[in-house]
Amino acid sequence: MIVCSCRVLTDEDFTSTLATEQPGCPRSAADAYRCLGCGPECGRCLITVRQILADARAAARCHDCTEDCALRDMVEAANADEILLDAAE
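Residue numbers for the sequence shown follow our numbering, so the first one is 16 and each next one is one higher.
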């Protein structure tokens, strides 16, 4: 699915950037764009890109997460950003 219509980038393009992500150093949406050799143009896709990256990490994580799981915290933060943006519209 095309996520960034300005740069014609798909969800698979963004999830492919996670292959080179360093443990303990989560890649941001801006980092993912840099890995793809560009940057966002209008920025409307950034929340979606953040969510795609968080969902891909969540799908790949182990099932032995503790209560202090940093991944869970990132997913919750991405969801909170989306909720706040929806409320502002």
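Every residue, glycine too, gets a C-beta built ideally from N, C-alpha and C.
For the 7 angstroms CB-CB criterion, residue 22 and residue 44 do not form a contact. Residue environment analysis places residue 17 among the exposed positions, since fewer than 16 neighbouring C-beta atoms fall within 10 angstroms of its C-beta. In this structure, residue 61 lies away from residue 28, with their beta-carbon atoms at least 7 angstroms apart. The three-state secondary structure of residue 50, taken from DSSP, is helix. At least 7 angstroms separates the beta-carbon of residue 33 from that of residue 73. In this chain, the alpha helix (DSSP H) harbouring residue 64 covers 61–75. By the Cβ neighbour-count rule, residue 69 is buried, with 16 or more other Cβ atoms within 10 Å of its own. Only exposed fits residue 53, as fewer than 16 other CB atoms lie within 10 angstroms of its CB.
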